[in-house]
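Below is one structure, written out as C-alpha cells; comments come after it.
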C-alpha cells in the first residue's frame, strides 16, 4: 500500500511541477543573495547550482525542533537519528553518506575527523541567522568531502540600532527551552550576544526489546550555548569581524561500554554522550580597489565527542571514550570584478588533529589549497569555471574542476547544466581505528553531472534537477572495504508560490544510490537508510494576527543493516504530519504552538532506534 501511495505521489508531483507550484517560504525574495553556490554573493535568480535557503523567519517557526528536523524538510536532504530528541545524527544529501556532506559555520569547516560527520545538534537554532544548502559535488569550490554537497550555517549577525529578544517554552516529554539575545551598533562598532538552554526528559533511545542495548528508561538531553560577535567598520574600505560560539550537549543513550571492566549490562549501566563545539572566526574585509575585494578568514573549530559509562547503583566509573577534533583554518580570497564578470583567487591552509584515548597511529594532517574561478555574467546566459588543487599531507596532490552554465530560454525559464569532479580522503576511523581501520584505503574520486530547469515569475518558482554522480573506490561504511564504485542518481523537484496571505511549499526526491563491488554477495546494493521516494509539503495561512501552518512528510521504505549482522532489514515507509500556529499577541510578543507527528505515527529512521511520537511544544517569544 505504501509503495502504491508513493507511486501516486511521484506522478502527482511531476504533474504539479510542470503546471503550477507550491512554496517553501513566506514570500519569495528573488533578489536575495546566495554565497555558498559560488563563494561570491550572487542573486538567487542567477544561481546555477541547486540551492535552498532557510531564512530566520522559517527558523523561528521551528519551535523546539532541532536543526536536524528543520533540514529534514528540505529538498534533497534525508536525516537519520539514532534515538531520542538529541542523539547521533546522520545527513544524507543526494544519497551521499554523512561523511560526504561538508558543513561550514561562518565559512569555517566543522565536524569530526574520526567519523567524518558533523554533530549538527550542537548548533542551536536560536543562534542561527540563515542556512544555505548547496546540493551536488562541490570539491572544486570547497575541497575534500563535499561529494553530496555543502551546508553552510551563518550565525546571528549584528543589527543597526538596538535589538533585544527572549523566549521560553515547554512541551511534552519534559521539553524546556529558554534563550535571550541582544544586538546593535554604536558608531562603527556592532555587537551581538546570545545564550540558549534546552532540555527534555526524552524517550527511550532503543525501540527493540530484543536488542542487547535495550533499556526502557527515558533518555533525555541537556544543551547550552553562548555566542558573541563584534564588528568594526574601520572605514569605507575595511571591516573587521570576530565571532565566537560554544555549545555543549549532554544526552543519555542505551549502550554498554567496551571494554567493560565492571561487566555492566543494559540495565545496570548509565550511558551518556557528551558533544561540544567551540568555534571562533576572525574576518577582515578589504576593498583595495573599486574592482578588487579581499577577504581574510582565520578560524578554529574544536569538536568534542565523549562517552561516559557509570554503574547506576553506586556511580562507579565503568569506562569512557574520547574522540575530539581540532581544526585551524586560514583562507585568503580575492574577488576581482571585470565589468560584469568576477575572477576569484583563493588560498587556504587547514590543519586537523585528533585527540582521543583510542590509539590512532596517525593523529594529524594538513591540507593546502589553491582555487581559481571565473564567473561570466551576460544578459541571456551565465557560466562558472572552477579549478582547484588540494595538497593533502597524507595522500598528495589532487586536482578538481567544475564547469556550470545557465541559459535563459525565456524571461522566466532557465536551463542549467553542470559537470565536475570531487574527492574524499578516508577518515581517521577508516584508516586507523583498532580492529576496523584499513591503512590501504585510498581517497575516493568522483565525477558528477546534473541538468535542470528553473522557472521564476512574480512570487512563483519551479525547479527540476536530474543528477548522476559516480564515486570510484567507494568505501563501504559497514565493512570499511573499498568497492569498485557507487552511483548516486536521482531527481529533485521543487515548487514555490505565495498567493495573498497563503504560501505553499512542495519538494519531491527520487534517489537511488547504489554500490557496486566485485565482492561476493555485495554487488548492486542500495545504500542503507536512504528512501527512494520522499515528499515534503508545507502550507501556511495568515489570518490577521495569527499564522497557521501544516507540514507533511511522506517517505518510502529504506534498507538498513540487520541487527544480527546476518543481512539487511527493510524499514517501512511512513507519513508524518506537523501542525502549528504563531499568534502575535502584541507588537513585540508572540506565542508559538507546534504539534509534531500529529497522527502519532510509529516509524524508525535507523534499525532498532526510537523516534518521538506525538509531541507538543509551546513557546512565548519577545522581541524589541
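Residue numbers (my numbering): 131 to 754. Note that the Cβ used here is the ideal one computed from N, Cα and C, for glycine as well.
For this session: Assuming residue 323 contacts residue 284 (C-beta within less than 8 Å), just tell me the rounded distance between them.
Result: Not quite, the Cβ-Cβ distance comes to about 17 Å (not below 8 Å), so this is no contact.
Exercise. Looking at the unbroken alpha helix (DSSP H) that takes in residue 560, where does it start and where does it end?
Worked result: 558-562
Exercise. What number of angstroms, rounded off, separates the C-alpha of residue 518 from the C-alpha of residue 716?
Worked result: 53 Å
Problem set entry | Classification of residue 433 by the beta-carbon crowding that lies within 10 angstroms, buried from 16 upward | buried
Problem set entry | Separation of residue 336 from residue 219, as counted between CA atoms | 15 Å
For this session: Ignore the nearest five residues each way along the sequence and tell me which others in residue 200's own chain have a CB closer than 8 Å to its CB.
Result: 184, 188, 189, 192, 255, 261
Exercise. Quick one: any contact between the region 556-572 and the region 600-610, if contact means 3 or more CB pairs under 8 Å?
Worked result: yes
Exercise. Can you give the beta carbon distance from residue 698 to residue 708, rounded, assuming they're within the 8 Å contact cut?
Worked result: Between residue 708 and residue 698 the Cβ distance is about 30 Å, and since that is not below 8 Å, they are no contact.
Exercise. Helix or strand or just coil, what does DSSP make of residue 735?
Worked result: coil
Problem set entry | Backbone CA spacing between residue 430 and residue 234 [nearest angstrom] | 12 Å
Problem set entry | Beta-carbon separation (whole angstroms), residue 384 vs residue 343, contact threshold 8 Å | 5 Å
Exercise. Cα separation between residue 746 and residue 264?
Worked result: 32 Å
For this session: Mark residue 719 as exposed unless 16 or more other C-beta atoms lie within 10 angstroms of its C-beta, in which case mark it buried.
Result: exposed
Problem set entry | Cutoff 6 Å; reference residue 319; Cβ partners in own chain excluding five residues on either side | 362
Problem set entry | Residues near residue 513 by beta carbon distance below 7 Å, same chain, minus five either side | 506, 534, 535
Problem set entry | For residue 456, the nearest candidate out of 439, 667, 494, 682 (CA to CA) | 494
Problem set entry | Residue ranges of each beta strand (DSSP E) within the region 518-570, 3 or longer | 526-538, 543-554
Problem set entry | Length of the line joining the Cα atoms of residue 500 and residue 478 | 6 Å
For this session: Have a look at residue 675 and residue 631 and give me their C-alpha separation to the nearest angstrom.
Result: 12 Å
Exercise. How close, in whole Å, do the beta carbons of residue 426 and residue 413 come, if the pair is a contact with beta carbons under 8 Å?
Worked result: 7 Å
Exercise. Measuring CA to CA, which of 180, 175, 169, 166 is closest to residue 624?
Worked result: 180
Problem set entry | Sub-8 Å separation of residue 735 and residue 729 beta-carbons | no
Exercise. In three-state terms, what does DSSP make of residue 326?
Worked result: strand
For this session: In the DSSP assignment, find the beta strand (DSSP E) that holds residue 625 and state where it starts and stops.
Result: 615-629
Exercise. Could you give the residue range of the alpha helix (DSSP H) that holds residue 198?
Worked result: 197-201
Problem set entry | Inter-residue spacing [alpha-carbon to alpha-carbon] between residue 473 and residue 271 | 13 Å
Exercise. Can you tell me whether DSSP reads residue 333 as helix, strand or coil?
Worked result: strand
Exercise. Which word fits residue 364, buried or exposed, when buried means at least 16 other C-beta atoms lie within 10 angstroms of its C-beta?
Worked result: exposed
Exercise. What residues in its chain sit with their C-beta under 7 Å from that of residue 331, if we drop five residues either side in the sequence?
Worked result: 303, 304, 348, 350
Exercise. Between the Cα of residue 744 and the Cα atoms of 706, 241, 711, which residue gives the shortest distance?
Worked result: 706
Exercise. Are the CB atoms of residue 292 and residue 321 nearer to each other than 8 Å?
Worked result: no
Problem set entry | Run of the alpha helix (DSSP H) containing residue 272, from where it starts to where it stops | 269-272
Exercise. What does a CB cutoff of less than 7 Å around residue 738 pick up in its chain, not counting 5 residues either side in sequence?
Worked result: 336, 337, 338, 341, 693
Exercise. Since residue 451 and residue 436 are thought to touch, with beta carbons under 8 Å apart, how far apart are those beta carbons, to the nearest angstrom?
Worked result: 7 Å
For this session: Would you kindly check if the distance between the Cβ of residue 421 and the Cβ of residue 467 is under 8 Å?
Result: yes
Exercise. With C-beta atoms as the reference, is residue 231 less than 8 Å away from residue 178?
Worked result: no
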